[in-house]
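So the sequence shown is numbered by our numbering: it starts at 992 and just counts up by one.
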Amino acid sequence: MMACEICEASPKNFARAGEIIRAGGLVAFPTETVYGLGADALSPEAIRGIFDAKGRPQDNPLIVHIADMPDLDRVAVMTEHAYELALMLWPGPLTMVLEAREVVPPETRAGLPTVAVRMPSNDVALALIRAAGTPIAAPSANRSGRPSPTDAATVARDLGDAVDMILDGGAATLGVESTVVDLTGGMAVVLRDGGLSREALARYVELDDPPDAERARRSPGTRHRHYAPKAPVVILGDDHADLASARWGYIGIGEPPRDTSAPARSVVFQNVDEMAHGLYAALRDMEDLDLIAASLPPADGIGMAVRDRLLRAAGKK
Ligand code: TXA
Ligand code: MG
992 MMACEICEAS PKNFARAGEI IRAGGLVAFP TETVYGLGAD ALSPEAIRGI FDAKGRPQDN
1052 PLIVHIADMP DLDRVAVMTE HAYELALMLW PGPLTMVLEA REVVPPETRA GLPTVAVRMP
1112 SNDVALALIR AAGTPIAAPS ANRSGRPSPT DAATVARDLG DAVDMILDGG AATLGVESTV
1172 VDLTGGMAVV LRDGGLSREA LARYVELDDP PDAERARRSP GTRHRHYAPK APVVILGDDH
1232 ADLASARWGY IGIGEPPRDT SAPARSVVFQ NVDEMAHGLY AALRDMEDLD LIAASLPPAD
1292 GIGMAVRDRL LRAAGKK
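Here is the structure:
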């Protein structure tokens, strides 16, 4: 075990973290979206370590994180759209699904012919990838099914001894995961809404909008229960939950509804960016209550990702 449980971002610790990755170990690190649980993306044994530590279903592929453009061409078959999106939107919360090159083992891709790639916009993440000298596969650094961690202390609580080192980079700035876009067909398809809005993407590529079933077929991750705290989650104005007799928590933009019993606790956000930033911490903070009642933000911008996570936490997707 390391001298530090949660290690500060320093050149010495980057070097140690890089060694751990090269030796097949696990390093948790910050990104602009959420914290990731990283391992050498090109090593099948290291990748198995990620699945074990998270208790992750084997059919759910991982995102490969890179720090420099030449690595995109190394792990995936480049297309014109991919090149333009990478130039315009990386580093940032955009994950592109592309045809995989053979150097990426089937373990990383869950046997798919494609690979998901992103360049995170976080100096600690980029320094770690460069120190490791290899692309780093990383899912969110939570036990499978739980809300994603947005700070180092939450990673330590969730994964503890299962991880060899945790690099601290403060609170994640965005708070929801990257937007996953499939570029292997004629048109781009958003498989998971995230930190990059559909509106921003649509400035560069034409977006197809297939039925939910088709989206789900192409997106293995969305088949499993996700983002769920221990307390049940209901959506206000949608579910008919009995709030009168429950110790319940409120999460939303603006004050809780007045026509119900008062919430035992509430987290009131001023706008949708704040809600994205604080959503997972709020879900975790309230999981000792009987019930969590959330109001959905409008369906645009980063609100699409917040709605998706809440609907999944409520088991409605
Ligand atoms: O912001 C993020 O994306 C964070 C940080 C750590 O980068 N990572 C993250 O990873 O959210 P994870 O494993 O929790 O979610 C990855 C998503 C899943 O929905 C998975 O199914 C999808 O990406 N994915 C990965 N590879 C894929 C592929 N080849 N085809 C389709 N979907 C893929
Ligand atoms: Mg996740």
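The C-beta atom is built at its ideal place from N, Cα and C for all residues, glycine as well.
Any heavy atom of the ligand TXA closer than 6 Å to the beta-carbon of residue i?
i     : result
E1098 : no
S1210 : yes
G1027 : yes
T1024 : yes
V1113 : The amino acid at residue 1113 is misidentified as Val; the sequence shows Asn. Answer for N1113: no, Cβ out of range of the ligand TXA.
V1171 : yes
V1343 : Outside the displayed span of the chain (992 to 1308) sits residue 1343, for which this structure offers no information.
A1107 : yes
E1071 : no
E1205 : no
E1168 : yes
P1061 : no
R1183 : yes
P1052 : yes
L1103 : yes
In terms of residues, what are the limits of the beta strand (DSSP E) holding residue i?
i     : result
T1164 : From DSSP, T1164 is part of no beta strand (DSSP E); its letter is neither H nor E.
R1183 : A1179 to R1183
I1057 : Taken as a continuous stretch (DSSP letters only), I1057 belongs to no beta strand (DSSP E), as it is neither H nor E.
R1121 : It is not in any beta strand (DSSP E) - R1121 instead sits in the alpha helix (DSSP H) that spans D1114 to A1123.
A1273 : First-last for A1273: V1263 to D1276, but that is the alpha helix (DSSP H), not the beta strand (DSSP E).
L1089 : L1085 to E1090
E999  : I997 to E999
A1067 : First-last for A1067: undefined, no H or E at that position.
M1156 : M1156 to D1159
A1032 : Unbroken run through A1032: none, as it is neither H nor E.
Starting from residue i, trace the alpha helix (DSSP H) in both directions and tell me its first and last residue.
i     : result
I1011 : P1002 to R1013
T1309 : Residue 1309 lies beyond the range of the chain shown here (992 to 1308); nothing can be said about it.
A1207 : D1203 to R1209
W1043 : Here residue 1043 turns out to be Asp, not Trp, going by the sequence shown. Note, D1043: alpha helix (DSSP H), P1035 to K1045.
I1293 : Segment: none, I1293 is in no alpha helix (DSSP H) and carries neither H nor E.
A1101 : A1101 -> no alpha helix (DSSP H), and no H or E assigned at all.
Y1241 : It is not in any alpha helix (DSSP H) - Y1241 instead sits in the beta strand (DSSP E) that spans W1239 to I1244.
A1073 : E1071 to L1080
R1256 : Looking at the DSSP string, R1256 is not in any alpha helix (DSSP H); the run it does join, the beta strand (DSSP E), is R1256 to F1260.
L1192 : R1189 to L1192
Is residue i near the ligand MG, with its Cβ less than 6 Å from a heavy atom?
i     : result
D1131 : Before going further, note that residue 1131 is Ser rather than Asp in the sequence given. Yes, the Cβ of S1131 comes within 6 Å of a heavy atom of the ligand MG.
Identify, in the order they occur along the chain, each residue of the same chain with its Cβ nearer than 6 Å to the Cβ of residue i, setting aside the five sequence neighbours on each side.
i     : result
G1292 : S1188
R1284 : A quick correction: the sequence has Ala, not Arg, at residue 1284. Contacts found: V1225, L1227, W1239 and Y1241.
S1252 : L1234 and A1235
Once the 5 residues before and after residue i are set aside, which same chain residues still bring their CB inside 8 Å of it?
i     : result
A1008 : C998, V1018, F1020, L1119, A1122, A1123, M1156 and L1158
P1096 : L1033, S1034, P1035 and I1038
E996  : A1147 and I1157
K1003 : none
What distance in whole Å lies between the Cβ atoms of residue j and residue i, which are believed to be in contact at a cut-off of 8 Å?
i     : j     : result
I1319 : T1099 : The displayed coordinates of the chain run from 992 to 1308. Any statement about residue 1319 would go beyond what the structure contains.
V1297 : A1272 : That belief does not hold up - the Cβ atoms of V1297 and A1272 are roughly 13 Å apart, past 8 Å.
V1181 : V1172 : 6 Å
M1178 : E1197 : 5 Å
S1112 : P1140 : About 18 Å separates the two Cβ atoms, so there is no contact after all.
A1030 : I1041 : 5 Å
A1163 : E1023 : 6 Å
Starting from the C-beta of residue i, find all residues in its chain whose C-beta is less than 7 Å away, skip the five residues before and the five after it, and write them out in chain order.
i     : result
T1105 : V1088, L1089, E1090, A1091 and T1175
A1006 : A1122
V1055 : A1032, V1066, V1095, T1099, V1106, A1107, V1108, P1126 and A1128
D1281 : A1222, A1237, R1238 and W1239
P1310 : Only positions 992 to 1308 of the chain appear in this structure, which leaves residue 1310 out of reach.
G1046 : R1134 and S1135
A1073 : M1087, L1089 and L1174
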